[in-house]
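Protein chains in written order, with full-length UniProt numbering: chain G, 1 to 123; chain A, 1 to 123. Cβ atoms here follow ideal geometry from the backbone N, Cα and C, with glycine treated the same way. Working notes for the structure below.
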DNA sequence: GCACATAGTGTCAAAATGGATACCGTTAGT
DNA sequence: ACTAACGGTATCCATTTTGACACTATGTGC
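Structure follows, in structure tokens:
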């Protein structure tokens, strides 16, 4: 168990109080996790339904991000034994508990970014 | 090219409503931004004071992250014409407005992962 | 016997990110 | 003359992340 007690090297969580910020961030960070989580707030979605909602994500990336979210226990993956395949993704309880965080991010974005990006200006 | 901000990150925000989530995320994302912001919630800090609070950050990285935060208008940088130099960092108004978000991240972290990280264990 | 649909995998290469280390400029102290 | 203090830069390199693109499996419809 590589938790706080590791003597010489600390992996992520045993630093200053600010660490839980970084730790939480590390879960929802990854180019598409935020949006994925956001869309799943609305309910269960199939793989291709998510793709439609996030047109720029590639198949590989989507699979990837979904897998990471699953490993971190934020989403549940349900496979139906059908052909063609059907796989549904939904928030786990843990994922659902992130709702406040996701919405905080969204609200701040809506209020302070009002749908354009300051860093784009020079491009 | 080791410049300040990375335009390749999330420059195109033309996706769905969930985009403000990613957009906000892209601002506080970066290995140390979350913690930096968190520490600045307490008030103005000098460069080396931040370093002391975040022992693992290298000088280069700290400069880097601070620059990005500055470019994104989240922090203010105040240079005193002295020798040796004195540079103070503080939250801008925009940065201060992120307080709720930072705290949401911290609270979730404290409550839901309280020092247990799934991805760290089985290496 | 071919294409279509869904939900993937595999491989390679480019790009972004992060770490290590050394250097810079000014002035005060010894 | 040399060193320390502070807040950086510059350069090089390793690791990680992401993108492009091709490939897979299988049952159905034509």
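Interface annotation, residue 24(A): in contact with chain G, CB-CB separation under 9 Å. Given a length threshold of 3 residues, each whole run of the beta strand (DSSP E) inside the UniProt domain "HTH hxlR-type" (19 to 117) of chain A is given here in chain order: 75 to 80, 86 to 91. For residue 31(G), a Cβ of chain A is located within less than 9 Å of the residue's own Cβ. Excluding its 5 nearest sequence neighbours in each direction, residue 94(G) has C-beta neighbours in its own chain below 7 Å: 73, 74, listed in chain order. Taking 7 Å as the upper bound on Cβ-Cβ separation, chain A lies near residues 94, 97, 98, 100, 101, 102, 104, 105, 106, 108, 109, 110, 112 of the region 91 to 112 of chain G. Look at the beta carbons and you see the region 65 to 72 of chain G not touching the region 76 to 94 of chain A: under three pairs across the two are nearer than 8 Å. Between residue 36(A) and residue 66(A), the CB-CB gap stays under 9 Å. Annotation: Cβ neighbours of residue 38(G) in chain A (cutoff 8 Å, chain order): 17, 18, 21. Residue 108(G) has its alpha-carbon roughly 11 Å from the corresponding atom of residue 96(A). Within its own chain, the residues whose Cβ lies closer than 8 Å to the Cβ of residue 77(A), once the five positions on either side in sequence are excluded, are 66, 70, 87, 88, 89, listed in chain order. By the 16-neighbour rule on beta-carbons within 10 angstroms, residue 34(A) is buried. Here residue 22(A) is buried: its Cβ has 16 or more other Cβ atoms, across all protein chains shown, within 10 Å. Scanning chain G for C-beta atoms nearer than 9 Å to the C-beta of residue 43(A) yields nothing, as the closest lies near 14 Å away.
Not flagged as an interface residue toward chain A: residue 62(G), since no C-beta distance is shorter than 9 Å. A Cβ-Cβ separation of about 7 Å places residue 98(A) in contact with residue 28(A) under the 8 Å criterion. Taking the beta carbon of residue 50(G) as reference, no residue of chain A falls within 7 Å; the closest one sits roughly 11 Å away.
Between the alpha carbons of residue 46(G) and residue 56(G) lies a gap of roughly 17 Å.
If you draw a straight line from the Cα of residue 44(G) to the Cα of residue 91(G), it is about 8 Å long. Rounded to the nearest whole angstrom, the CA to CA distance from residue 40(G) to residue 106(A) is 22 Å. The C-beta of residue 28(A) comes closer than 9 Å to at least one C-beta of chain G. The Cβ-Cβ distance between residue 53(A) and residue 59(A) does not fall below 9 Å. Taking 9 Å as the threshold, the shortest C-beta distance from residue 54(G) to chain A falls below it.
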